Amino acid sequence: MKLTIENTAELTGFAKLGISGQLLKATVTAGFDVPKTIQEQAIPPFLAGRDVLGVAQTGSGKTAAFSLPILTKIVALGTRRLPKTARALILAPTRELAVQIEETIRVLAKGLHISTALVLGGVSRSSQVRKIAPGVDVLVATPGRLTDLVREGDITLAETRWLVLDEADRMLDMGFINDVRRIAKAVHRDKQTALFSATMPEEIEQLARGIMKDPVHVEVAKQGTTAAEITQGVVMARLKQKRKVLSDMLADAAMSSVIVFARTKHGADRVVRDLERDGFNAAVIHGNKSQNARQKALNGFRDGSVRILVAIDIAARGIDVPGISHVVNFDLPDEAESYVHRIGRTGRNGADGIAITLCDPAEGAKLRQVERIIRMKLPITADHTGQPDPQRNPAEAKERAAEEARDRAGDRRDRGPGGIRKPAQGFGHKQHAGKPEGGRPHNGKPGGGKPFRGKRRGFGGGGKPARAA
Ligand code: AMP
0 MKLTIENTAE LTGFAKLGIS GQLLKATVTA GFDVPKTIQE QAIPPFLAGR DVLGVAQTGS
60 GKTAAFSLPI LTKIVALGTR RLPKTARALI LAPTRELAVQ IEETIRVLAK GLHISTALVL
120 GGVSRSSQVR KIAPGVDVLV ATPGRLTDLV REGDITLAET RWLVLDEADR MLDMGFINDV
180 RRIAKAVHRD KQTALFSATM PEEIEQLARG IMKDPVHVEV AKQGTTAAEI TQGVVMARLK
240 QKRKVLSDML ADAAMSSVIV FARTKHGADR VVRDLERDGF NAAVIHGNKS QNARQKALNG
300 FRDGSVRILV AIDIAARGID VPGISHVVNF DLPDEAESYV HRIGRTGRNG ADGIAITLCD
360 PAEGAKLRQV ERIIRMKLPI TADHTGQPDP QRNPAEAKER AAEEARDRAG DRRDRGPGGI
420 RKPAQGFGHK QHAGKPEGGR PHNGKPGGGK PFRGKRRGFG GGGKPARAA
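Letter 201 of the sequence shown, counting from 1, is numbered 200 in numbering that gives the first Met the number 0, and no numbers are missing.
Shown next as structure tokens:
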């Protein structure tokens with residue numbers, strides 16, 4: 000086909016990364032409209048045959064980052080399954096993760112005649128042995144049971160050309176590292192390897208050096224784990240109540256340096272206007288402001304002359320101000336992962352920090368998504384919603400819908416033609432995908448919230464400890 004400007008322009012999203020045909024359709028069906036950072040960074044080199052060493056966590060989109068290129072390669076080579084072999088092997092530390100990975104692969108591989116299998120400890124091995132007897136395209140396994148099956152001759156890894164080690168640091172924590180080494184030695188010599196780990200302790204680097212060939216390093220902001228120093232809670236409040244709840248909260252002098260996140264630029268402007276009206280010293284930072292205005296706001300926040308900075312998500316990754324005491328989510332982010340970036344502004348470098356999320360009952364689904372990503376249940380520390388349900392209060396529901404629509408329309412106007420966002424002024428260079436966020440390494444444990452301590456005026460008081468889900 001002759002490439003014209005028109006049809007090259009159509010190459011967006013995953014197509015631009017080299018994914019095509021049925022797999023490209025599968026990304027659309029799965030709702031993966033825009034590739035995530037890890038996918039942008041890992042898919043092209045992996046498709047090109049390079050090993051990939053990634054610092055990334057569950058929640059970053061890494062399953063599709065390794066699955067899409069592997070499936071592309073398997074499809075390109077056609078059916079060549081040999082008995083008791085696996086063409087690709089994905090090792091995961093836990094059963095839950097292995098099950099989740101296999102599910103994702105099945106969704107992406109729908110209609111491609113790709114066979115997948117799971118090998119896990121703690122469940123019957125005979126059905127697993129039966130499933131792999133004719134050979135499979137993609138095997139997802141935990142290291143212990145796989146080692147047993149290899150030892151007993153139920154599977155050979157000699158034909159395995161793609162190897163993925165997922166959550167390698169957790170495999171280390173769980174004592175699987177020797178099994179992993181043995182498995183990596185047993186696969187085909189000309190294997191292509193991807194290794195993902197939330198942190199890179201020396202043992203993992205050693206393992207990578209031992210089994211990988213000149214890997215491409217990819218790294219994305221830490222996802223899915225919240226810094227252990229951050230105390231998190233939810234205050235239930237209807238949209239109309241949120242402004243007052245926020246102002247009441249800010250009466251507490253302990254909230255000395257606060258960043259408030261709003262979902263939209265116009266929403267952020269409104270929050271600042273209301274705070275100023277209530278006598279607070281606040282500044283706003285988002286893409287509609289000039290570089291000068293933003294810098295002024297940020298400098299003021301940094302030197303303490305501005306106590307409250309109101310921002311939208313694009314600012315979350317760029318702001319590194321030490322000593323932020325509180326992060327307030329005025330509303331839940333559209334992308335659950337943004338929550339982690341937002342709250343990561345506080346509790347940095349070992350300091351204590353508090354993150355409070357104001358949640359309208361209508362935002363319940365978004366809250367649950369956040370809880371899934373951070374793998375813990377957030378405690379409700381106060382509830383101001385002693386009013387009728389907006390579903391049964393058409394006037395309130397209508398007013399909220401109109402307010403939301405106004406914000407969305409305002410933000411749409413801020414985009415260029417075709418919905419392309421105008422270039423952000425000034426944050427782009429700081430939105431590095433490069434460094435893990437948060438102050439401390441992932442410790443392999445879910446959760447990590449701490450109980451609220453002491454009395455916090457305006458916080459609704461008496462919070463229960465955040466608990467792991
Ligand atoms: P993972 O880190 O692979 O566990 O992915 C985390 C979540 O992100 C999963 O629920 C995926 O379905 C979802 N996801 C992965 N890639 C994308 C994408 N490009 N767009 C939207 N969601 C995605």
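Even for Gly, the Cβ is constructed at its ideal location relative to N, Cα and C.
As the structure is a prediction and not an experimental result, all values here were calculated from the model.
Separation of residue j from residue i, as counted between CA atoms
i           : j           : result
residue 211 : residue 195 : 12 angstroms
residue 368 : residue 139 : 25 angstroms
residue 133 : residue 33  : 37 angstroms
residue 129 : residue 136 : 15 angstroms
residue 13  : residue 285 : 28 angstroms
residue 59  : residue 336 : 8 angstroms
residue 184 : residue 208 : 13 angstroms
residue 343 : residue 329 : 16 angstroms
residue 15  : residue 38  : 11 angstroms
residue 312 : residue 186 : 43 angstroms
residue 168 : residue 302 : 38 angstroms
residue 163 : residue 379 : 39 angstroms
residue 362 : residue 191 : 43 angstroms
residue 61  : residue 166 : 10 angstroms
residue 470 : residue 40  : Residue 470 lies beyond the stretch modelled for the chain, which goes from 0 to 468, so this question has no answer here.
residue 298 : residue 278 : 20 angstroms
residue 248 : residue 385 : 18 angstroms
residue 151 : residue 112 : 28 angstroms
residue 72  : residue 64  : 13 angstroms
residue 66  : residue 22  : 10 angstroms
residue 203 : residue 48  : 22 angstroms
residue 261 : residue 25  : 33 angstroms
residue 78  : residue 146 : 26 angstroms
residue 51  : residue 214 : 5 angstroms
residue 341 : residue 404 : 24 angstroms
residue 229 : residue 180 : 36 angstroms
residue 271 : residue 182 : 57 angstroms
residue 401 : residue 269 : 15 angstroms
residue 364 : residue 231 : 18 angstroms
residue 74  : residue 80  : 12 angstroms
Simplified DSSP state of residue i, which is helix, strand or coil
i           : result
residue 32  : coil
residue 75  : helix
residue 218 : strand
residue 108 : coil
residue 94  : helix
residue 147 : helix
residue 280 : coil
residue 206 : helix
residue 81  : coil
residue 17  : coil
residue 254 : coil
residue 184 : helix
residue 329 : coil
residue 213 : coil
Beta-carbon proximity list for residue i, same chain, < 7 angstroms, skipping 5 on both sides
i           : result
residue 244 : 234, 236, 357 and 383
residue 280 : 305, 306 and 307
residue 68  : 42, 45 and 46
residue 275 : 281
residue 101 : 115, 117 and 139
residue 189 : 160
residue 30  : none
residue 19  : none
residue 17  : 42, 43 and 46
Cβ shell of residue i (< 8 angstroms), same chain only, five flanking positions each side left out
i           : result
residue 366 : 233, 331, 356, 358 and 377
residue 119 : 94, 97, 98, 127, 140, 141 and 144
residue 296 : 282, 283, 284, 288, 305 and 308
residue 105 : 115
residue 334 : 312
residue 157 : 84, 185, 186 and 187
residue 323 : 256, 257, 258, 344, 345, 347 and 352
Residues near residue i by beta carbon distance below 6 angstroms, same chain, minus five either side
i           : result
residue 325 : 254, 257 and 353
residue 154 : 83, 131 and 148
residue 108 : 70
residue 273 : 242
residue 338 : 332 and 369
residue 55  : 37, 61, 195 and 219
Check: residue i C-beta below 7 angstroms from any heavy atom of ligand 2
i           : result
residue 332 : No copy of ligand 2 occurs in the structure displayed; its ligands are ligand 1 alone.
Residue-level contact to chain D via CB, residue i, 8 angstroms cutoff
i           : result
residue 254 : This model lacks chain D altogether; it includes just one protein chain.
### Message
Contact between the segment 184-203 and the segment 284-300 is defined here as three or more beta-carbon pairs at a separation below 8 angstroms; is this criterion met?
### Response
no
### Query
Is the segment 112-125 touching the segment 163-180, taking contact as three or more C-beta pairs under 8 angstroms?
no
### Message
Whether or not the segment 85-95 and the segment 138-153 are in contact is what I'm after, with contact meaning three or more pairs of Cβ atoms, one per stretch, closer than 8 angstroms; do they touch?
### Response
yes
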